[in-house]
Structure formats: C-alpha cells, structure tokens
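**Q** Each residue of the sequence shown is one higher than the one before, counting from 344 in my numbering.
Sending over a structure as structure tokens; questions will come in a sec.
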Amino acid sequence: LFRSLPANKVINNVTVFAEYKSTEENLLPIKTSQSGYIESKIYDLQEVVDVKVKKLNIDDVENLNDVMIYIRTSRDVDRVDVWNDWKLIPFDNNYKITSNIILKGARFVQYKVVLKSRQAYIKFNNIELEVM
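Encoded structure:
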C-alpha cells in the first residue's frame with residue numbers, strides 16, 4: 344500500500360479514499376423530509392416581454408392544500424442573480440388557474456413546485472405562458 348518516499352520529500356497534501364459498506368445490523372439512517380421543493384431550470388424568452396401564466400399542465404395532485412406552484416422572472420441579461428419575488432399561482436381542484444398572473448418585463452422565467460407535507464404529491468408536466 345505505501346511506497347517508500349525519497350529522503351527529504353515534502354508532501355503538500357494527502358487524499359484519503361474510503362468506502363463504507365453497510366450491513367443489516369448497521370444500516371445508515373435515511374432522513375425523510377416532511378416537505379420539500381424543486382426549482383426548474385431557467386428559461387430564456389430571448390427578449391424582454393410581458394407574459395401571462397396561461398395554464399398549468401398537471402396530471403394528478405394529492406393533498407391539494409399542501410401543493411404550491413410559484414413563478415418568478417428576471418429581466419437583467421447581465422446579472423442572472425437578480426430576480427423578482429416568487430408569485431404564487433393559485434389553482435383549483437380541476438387544476439385551473441384561479442386568478443390572472445401577469446409578469447411584466449420578463450426575459451428569464453423559473454418556476455418552483457413546493458410540497459408542504461410528506462403526503463403531498465403532484466404529477467406536474469409544465470406551465471404554459473402567453474406573450475402579451
């Protein structure tokens with residue numbers, strides 16, 4: 344395993360590689376989160392435009408009150424870390440949007456799906472936006 348080093352050799356760093364193998368007696372504990380979220384990739388609209396959130400394409404939702412969908416935009420081409428606040432997209436039992444969401448001056452768009460409980464579930468496909 345160890346090789347002889349020449350005399351007066353200086354070691355600047357050491358890397359240790361280790362492997363852990365569990366058995367039934369010493370299983371690693373898995374932390375199950377009570378809630379969570381996922382953010383989409385950032386979509387570039389190619390120019391600054393006003394957009395309306397037209398439709399949510401959802402196949403299924405469990406515990407509707409524990410599932411939330413948000414959207415945010417940015418118009419700053421030079422600094423993609425400057426974003427407007429997240430806006431909640433309210434929807435009903437039929438997955439229809441219940442109030443108009445207009446996003447003014449949007450160049451970049453991102454959405455976030457939040458599950459507020461362990462029992463929450465959503466089969467979410469996408470959001471349709473309409474350029475105004």
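C-beta: ideal position from N, C-alpha, C; glycine also.
If you're wondering where the values come from, they're calculated on a predicted model, not measured in any experiment.
1) Spatial neighbours of G379 within its chain, please: CB distance less than 7 Å, with the 5 preceding and 5 following residues excluded, ordered by chain position.
2) Going by DSSP in three states, D421 sits in which element: helix, strand or coil?
3) Just to check my reading of the structure: V474 and V420 have Cβ atoms closer than 8 Å, yes? What is that Cβ distance to the nearest angstrom?
4) Classify N408 as helix, strand or coil using the three-state DSSP reduction.
5) Within 10 Å of its beta-carbon, does L472 have 16 or more other beta-carbons around it, so buried, or fewer, so exposed?
6) If you count every other CB in all the chains shown that lies within 10 Å of the CB of I470, and 16 or more means buried, which is it?
7) Leaving aside the five residues before and after W426 along the sequence, list all residues of the same chain whose C-beta is less than 6 Å from its C-beta, in chain order.
8) Going along the chain, which residues of its own chain have a beta-carbon closer than 6 Å to the beta-carbon of K395, five neighbours each way excluded?
9) Could you tell me whether the Cβ of K455 comes closer than 8 Å to any Cβ of chain D?
10) Given L399, which residues of its chain have a CB within under 7 Å of its CB, disregarding the five upstream and five downstream residues?
11) Would you call L344 buried or exposed, if buried means 16 or more other Cβ atoms sit within 10 Å of its Cβ?
**A** Walking through what the data contain:
1) For G379, where only same-chain residues beyond five positions count, the Cβ hits under 7 Å are L458.
2) Residue state, collapsed to three classes: coil.
3) Approximately 18 Å separates the beta-carbon atoms of V474 and V420; this is outside 8 Å, ruling out the contact.
4) Assigned with DSSP and collapsed to three states, N408 falls in helix.
5) By the 10 Å Cβ count, L472 comes out buried.
6) Buried: at least 16 other Cβ atoms inside 10 Å.
7) Excluding the 5 residues flanking it on each side, W426 has same chain C-beta neighbours closer than 6 Å at R415, S417, in chain order.
8) Correct list, in chain order: I445, E473, M475.
9) No chain D is present in this structure, which holds just one protein chain.
10) In chain order, I412, I432, F434, Y438, I440, I470 place their CB closer than 7 Å to the CB of L399, counting only its own chain and leaving out the 5 sequence neighbours on each side.
11) Because L344 carries a pLDDT of 48, less than 50, the predicted location of this residue cannot be relied on, and no value is offered for it.
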